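A.B. asks: Here it is: the structure, laid out below.
Numbering (the working numbering), first residue to last: 2 to 1035.
This is the structure in structure tokens:
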């Protein structure tokens, strides 16, 4: 029997009710729900088949909110058994208020309605999504309409007219918070394409709830190791990637081929256009592809004369300007800031009717900029190469030098053509505009009956003060000049006026207006955008709001596109910059969050939940390899533990994480570069590690490798737990610190680190903006320390709490936030102790009080600089050199870079953001030390002034990603990447006294980052294939 149910549609804030037939069943109408994205479920706690089926598609994340921890374990176990762990994820947190960011979910299904505000629930649903509420046996479905005031970005310069300096989005505003992040953590760099490291992403469009982008920052381009990545000589493949714009889940990806766009310059963009249900891009074979926006399937192809360089879509007409040899343009090396077209000598413009697919017209013109408005195509054409740019190198420009001869840019003309016929409407030579042969012309923006020609704004001039720049506003019908504005930035159209250099003009007459002007400054790589009263200054992560400067340092606007405002949020691609160390990894969306806690609210907001095992633990202290990197100092050493020597014996191996099977959701997991498992810890006859993406903590017997218990969690655990007495302590992506009883994995207590439960999406899982860093630190007094938050520059910062390890009782709390600017910010990382100092990246605290104290390294570096000057002077004067300053007592590790100690990204992407760590006088990518020696990945030095042993040399193709120090030996582990293309892992044991190899073994997969533990005469190791092994001596 079918029942009549009401569909509720929200239009302009009003619910419209319409009857429709719907099946009568407890299961929701799955066939009518979205096929991709993020589903929230307010669940009764039963592992229902439809949830498992949705997760099994590989394209949906199902996030269940359940009444209690028992339901977390029940559904978690069912999901794991069904092979959908991590895609069906479970939490027991309050549902009033619902924790989701606004417009985050593609579908929200509510089985438990008590206390739920349904109007607030609808706000959690993205436009185009569904709210399904179970009432009795009937589901009532609400369709969410797209609200007014959201902008879209259909072209690489926002629209066909190129009006990218402003946005009409009225929903963007402060306070800002992270909405989602995904894709590779930061850009790829190779020796062959080092000019592209800052600008891997060359095109972006945001349309119809989807975001499309063209990039070579793709997992398919990764090599086996960082060294291989850096030394790659081939042109990297470009990919067109489509994501859900509301939560970042991948929809599809398509390989476009090895197309090269070189240089770090604002205009060095790839062609891309999107509209509802369709997207247009170009592949290596010169095909102009029309793709289905939902699936990525090719609908049809067009074949322009050359390689498409500029693309626009207006009134059903697709216009492509193509360049001969346009599949490789721009500068191949260096931070080059010249236009892509500088060496192009031939081109064509063609227009295609999208209804019939036929070509409407063609003209043989080399086009360097292209815009459309009012039924006219506006372009700048050139009659050959830009000899001025080819002759004038960047070094000369930066020195302010002029070449001996200023070569011309070729003959440039501004041309207007009829959109539908290609008929010439008018044609102006550069001389008619008063431009010199060395001036650069571009159509900046078109619309409101005219167009702005920018002189020297879309190319760098030798005039550092911008005095060579000018904007000229032309009548679109005749080409007559209406306004000339010197020293202008980017021209923008806003509120029916043309804005040039901060002055608003009537677009019909050219007369200055009393309307307040919008000024968008010119740039070479990171443009500004004016949106809803906000002017973005993306390079410094600052925003001008009225007369106030606001900072959001967790997402620096990327080079070339900066932060694009659309859908009531901002979107920005990955960066390669070291100037914004507080930036979260990956492609990022951030936007308004309504409210954010004050620092005091964050500081005071901890919440302790006691579990069934609370208070039954009697043991205390640490033993063995009890924490990430061994101990609270993160020294990677257990000097009391002997290391197996001689022939290495595999005593047991256990798979604790299944390999990824593909699909859109697991593809996001791969892009995180976090791997399958954490490193291991070993203590008290047990070994611990986490199945990272499937949110599962595992304890095994150290003697036989048998799994003793598994515990399903509310968030990812990215680094291993800390074992203290009878407790297993760790933080998770849900923002909680957990304490599990070691006996059976039952919950002793959990501590919410932030002041509230909120959820964003990070690499296709729901997580807290204040995710708790996994490796809790415990000192010799039984005091534990944990941190939560993604950046000191987001959502009130990072909160650090000290608490009793046995009880979870908070002793002190500190919030680290640096509002002054991005260079002082940092992301979260593993904490470590050095004497009485507690270290978190560049922040140093008194471990007893949490008070932030000066970093002793900064004073030491200042004294080192003074010493270097004095030493150089002494050499010049032939005098004895002064003694080198001594490092302060207790000085810990330094120079962890932007990503800190726990990030494995450098093993694939190189060490631009994860630099070599320094301890005393030795630096390395991985380090270990005890009272007598320090070791890095390839050498060992004595701390007592003794002669250092010569270590056994690394083998060919070896990448060391872990060093562990025991009583008699140092253990090295990592990946083997020989020239035959195979990939393996290794563990190598080196005698401490002789430096000679005394044992080794190879494995089918590389070692997990920092994936070694030494305890009880054994070596424990985790590998990238999910295996945990125990090694001993035969």
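Quick reminder that beta carbons are idealized off the backbone N, C-alpha and C, glycines included.
Given the structure is predicted, the values throughout are model-derived calculations rather than measurements.
Report back the beta-carbon spacing between residue 1 and residue 698 to the nearest angstrom; my notes put them in contact at under 8 Å.
C.D. replies: Since the first residue of the chain shown is 2 and the last is 1035, residue 1 is not available in this structure.
A.B. asks: Expressed to the nearest angstrom, what Euclidean distance is found between the alpha-carbon atoms of residue 380 and residue 369?
C.D. replies: Each residue's alpha carbon lies about 7 Å from the other.
A.B. asks: Might you give, ordered along the chain, the residues of its own chain that have their beta carbon closer than 7 Å to the beta carbon of residue 538, omitting 5 neighbours on each side?
C.D. replies: Only 529, 544 and 545 meet the Cβ criterion.
A.B. asks: Closer than 6 Å by C-beta to residue 147: which residues in its own chain qualify, once you throw out the five before and the five after it? Chain order, please.
C.D. replies: Answer for residue 147: 128, listed in chain order.
A.B. asks: Can you tell me which of 107, 99 and 137 puts its alpha carbon nearest to the alpha carbon of residue 119?
C.D. replies: Taking only the C-alpha atoms, the option nearest residue 119 is 99.
A.B. asks: Round the Cβ separation of residue 174 and residue 568 to the nearest angstrom and send it over; I've been treating them as touching at under 8 Å.
C.D. replies: Residue 174 to residue 568, Cβ: 13 Å. No contact.
A.B. asks: Suppose you measure from the CA of residue 702 to the CA of residue 807; what does that come to, to the nearest Å?
C.D. replies: The straight-line gap from Cα to Cα measures roughly 23 Å.
A.B. asks: Answer yes or no: do residue 883 and residue 757 have a C-beta to C-beta separation smaller than 8 Å?
C.D. replies: Not a contact, by the Cβ cut-off of 8 Å.
A.B. asks: Assign residue 1065 to one of three DSSP states: helix, strand, or coil.
C.D. replies: Since the first residue of the chain shown is 2 and the last is 1035, residue 1065 is not available in this structure.
A.B. asks: My guess is that residue 708 and residue 1002 are in contact by the Cβ rule of under 8 Å, so how many angstroms apart are they, rounded?
C.D. replies: The Cβ separation is near 23 Å, so there is no contact.
A.B. asks: Can you tell me which of 644, 666 and 945 puts its alpha carbon nearest to the alpha carbon of residue 1032?
C.D. replies: Per the Cα distances, 644.
A.B. asks: For residue 559 and residue 280, what's the separation of their Cα atoms in angstroms?
C.D. replies: Near 22 Å, if we compare the C-alpha coordinates of residue 280 and residue 559.
A.B. asks: Residue 412 lies in the alpha helix (DSSP H); which residues open and close that run?
C.D. replies: Premise fails: residue 412 is in no alpha helix (DSSP H) and is neither H nor E.
A.B. asks: Since I believe residue 53 is in contact with residue 92 (beta carbons under 8 Å), could you give me their beta-carbon distance rounded to a whole number of angstroms?
C.D. replies: No, residue 92 and residue 53 are not in contact; Cβ-Cβ is about 17 Å, not under 8 Å.
A.B. asks: Taking only heavy atoms of the ligand NAD into account, decide whether any of them is closer than 7 Å to the Cβ of residue 596.
C.D. replies: Ligands are entirely absent from the displayed structure, and the ligand NAD is therefore not among its contents.
A.B. asks: With DSSP collapsed to three states, give me the class of residue 1017.
C.D. replies: Looking at residue 1017 - three-state DSSP - the assignment turns out to be coil, as it is neither helix nor strand.
A.B. asks: What three-state label does DSSP hand residue 356 in the structure shown?
C.D. replies: In the structure shown, residue 356 sits in coil (DSSP, three-state: anything other than H, G, I, E or B).
A.B. asks: Would you say residue 978 and residue 961 are within 8 Å of each other, going by their C-beta atoms?
C.D. replies: For residue 978 and residue 961, no; Cβs fall outside 8 Å.
A.B. asks: In its own chain, which residues sit with a C-beta less than 6 Å from the C-beta of residue 163, not counting the 5 before and 5 after it?
C.D. replies: Excluding residues within five positions, the ones whose Cβ falls inside 6 Å are 372 and 446.
A.B. asks: For residue 415, which residues in the same chain have their Cβ closer than 6 Å to its Cβ, ignoring the five residues on either side in sequence?
C.D. replies: Correct list, in chain order: 381, 429 and 454.
A.B. asks: Is DSSP giving residue 516 helix, strand or coil here?
C.D. replies: Coil at residue 516, not helix or strand.
A.B. asks: As an exercise, report each continuous alpha helix (DSSP H) stretch of at least 4 residues that is fully enclosed by the segment 540-614, in chain order.
C.D. replies: The segment 540-614 contains these whole alpha helix (DSSP H) runs: 600-605.
A.B. asks: What is the rounded straight-line gap between the Cα of residue 395 and the Cα of residue 887?
C.D. replies: At residue 395, the pLDDT of 47 sits below 50, so the modelled position is not reliable; the number obtained from the coordinates is stated separately. If I take the Cα positions, the gap works out to 42 Å.
A.B. asks: Classify residue 778 as buried or exposed, calling it buried when 16 or more other Cβ atoms lie within 10 Å of its own Cβ.
C.D. replies: Result: buried.
A.B. asks: With 16 other CB atoms within 10 Å as the buried threshold, where does residue 1015 fall?
C.D. replies: It is buried - the Cβ of residue 1015 has at least 16 other Cβ atoms within 10 Å.
A.B. asks: Tell me the residue span of the beta strand (DSSP E) that contains residue 873.
C.D. replies: No beta strand (DSSP E) contains residue 873, which is instead part of the alpha helix (DSSP H) from 857-877.
A.B. asks: Roughly how many angstroms lie between the CA atoms of residue 772 and residue 573, to the nearest whole one?
C.D. replies: If I take the Cα positions, the gap works out to 21 Å.
A.B. asks: Return the Cβ separation of residue 238 and residue 259 in integer angstroms, given the expectation that the two are a contact with Cβ distance under 8 Å.
C.D. replies: Right, their Cβ atoms sit about 5 Å apart.
A.B. asks: Quick one: give me the first and last residue of the alpha helix (DSSP H) that residue 909 is part of.
C.D. replies: It spans 907-910 - the alpha helix (DSSP H) in which residue 909 sits, taken as one unbroken run.
A.B. asks: Let's test the definition: count the other Cβ atoms within 10 Å of the Cβ of residue 82 and tell me whether it reaches 16, buried, or not, exposed.
C.D. replies: Per the 10 Å Cβ criterion, exposed.
A.B. asks: Check for me: the beta strand (DSSP E) holding residue 709 runs from which residue to which?
C.D. replies: 708-713 is the span of the beta strand (DSSP E), which, as asked, contains residue 709.
A.B. asks: Return the CA-CA distance between residue 557 and residue 499, expressed in angstroms with no decimal places.
C.D. replies: Roughly 29 Å separates the two Cα atoms.
A.B. asks: Consult DSSP for residue 1022 and reduce its assignment to one of helix, strand or coil.
C.D. replies: Residue 1022 falls in the strand class under three-state DSSP.
A.B. asks: For residue 277, count neighbouring Cβ atoms within 10 angstroms of its own Cβ and tell me buried if that reaches 16, exposed if not.
C.D. replies: Flag for residue 277 reads exposed.
A.B. asks: Is it the case that the segment 615-629 contacts the segment 202-211, given that we only count it when at least three CB pairs across the two stretches are under 8 Å?
C.D. replies: Verdict: no, contact absent.
A.B. asks: Can you pull the DSSP bridge partners for residue 526?
C.D. replies: Answer is none; residue 526 lacks a bridge partner.
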